[in-house]
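FYI, in the working numbering the residues of the sequence shown are 2 to 178. Glycine included, every Cβ here is placed at the ideal spot set by N, Cα and C.
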Amino acid sequence: FDIKDILLKAREELKDSDPGAYFMVMLAAYAGLRRGEISALTWDQIDFENFRIWIHTTTEFRPKAANSEYPVDIPEELANELMEYRAAGIDEHYVLPGSFENRRLRCRQLTKVVTTWLRKQGIQDKKPLHALRKEAGSFIFRKTGSIDKASRFLRNDRKTAERHYVGQTERLLATYD
């Protein structure tokens, strides 16, 4: 799928009608955040001045791995949109709406909405939000040619990023002409 097309459609279709779904898509694509990281993200973790999100252990959340505790750079435009969204006063603590009531994942309902929307966009993967995150890492690899930059964006070790996240974009043939 074309990640740029997905992001344009998200802006057109979700930004005004379902801002929570819009930001879930944006945080996966522009920050490489995992579903659980997005779900438990608090306003305190966002550094609006330096355009960063700090992923770290909180009372409600433990990152997937030690190398997941890392500052994540985000585009200035996304930081500004998040600041406007915060000013709307949806929740004073968490970025996205949800509840931990008897659940590990706060934004379970919102995740279902985003999953349905992503599938309508043609992402038929078992975990569409994860597929979007993986495609973002692949996009960075194609743009920079650096597996190290892609793995840093995904907050995976180099080997994992190379094996599972950064898709092969061209056929490699041994020809001996």
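1. How do the stretch 5-14 and the stretch 83-96 stand: do at least 3 beta-carbon pairs fall below 8 Å, yes or no?
2. Following the continuous beta strand (DSSP E) through residue 71, name the residue where it begins and the one where it ends.
3. Let's see if you can read the secondary structure: which residues bound the alpha helix (DSSP H) around residue 1?
4. For the alpha helix (DSSP H) containing residue 83, name the first residue and the last one.
5. How would you write the range of the alpha helix (DSSP H) that residue 94 sits in, first residue to last?
6. Determine the direct distance from the alpha carbon of residue 124 to that of residue 130, and round the result to whole angstroms.
7. With DSSP as the reference, label residue 116 as helix, strand or coil.
8. Could you compute how far the alpha carbon of residue 77 sits from the alpha carbon of residue 32?
9. How about residue 30 and residue 8: are their beta carbons less than 9 Å apart?
10. For the candidate residues 164, 158 and 109, whose alpha-carbon lies nearest to that of residue 25?
11. Note the first and the last residue of the continuous alpha helix (DSSP H) segment covering residue 152.
12. Report the three-state DSSP secondary structure of residue 48 (helix, strand or coil).
13. Go ahead and label residue 51 buried or exposed: buried means 16 or more other beta carbons lie within 10 angstroms of its beta carbon, across all protein chains shown.
14. In angstroms with no decimal places, state the Cα-to-Cα distance between residue 158 and residue 152.
15. Please report the distance separating the alpha-carbon of residue 49 from that of residue 81.
16. Among 98, 105, 57 and 73, which has the Cα closest to the Cα of residue 111?
So, from the listed chains and residues:
1. Three or more beta-carbon pairs separated by less than 8 Å are not found between the stretch 5-14 and the stretch 83-96, which leaves the two stretches without contact.
2. From DSSP, the beta strand (DSSP E) with residue 71 extends over 71-74.
3. A question about residue 1 goes unanswered here, because the residues of the chain that appear run from 2 up to 178.
4. Where residue 83 is concerned, the enclosing alpha helix (DSSP H) stretches over 77-88.
5. Unbroken run through residue 94: none, as it is neither H nor E.
6. Going from the Cα of residue 130 to the Cα of residue 124 covers about 9 Å.
7. Under the three-state reduction of DSSP output, residue 116 falls in the helix class.
8. Cα to Cα, residue 77 sits roughly 12 Å from residue 32.
9. Their beta carbons are under 9 Å apart, which means residue 30 touches residue 8 by this criterion.
10. Restricting attention to 164, 158 and 109, the CA atom closest to the CA of residue 25 is found in 109.
11. Run containing residue 152: 148-155, per the alpha helix (DSSP H) assignment.
12. Correct three-state label for residue 48: strand.
13. So residue 51 ends up on the exposed side.
14. Near 6 Å, if we compare the C-alpha coordinates of residue 152 and residue 158.
15. The alpha-carbon of residue 49 is positioned some 8 Å away from that of residue 81.
16. By alpha-carbon distance to residue 111, the top candidate from 98, 105, 57 and 73 is 98.
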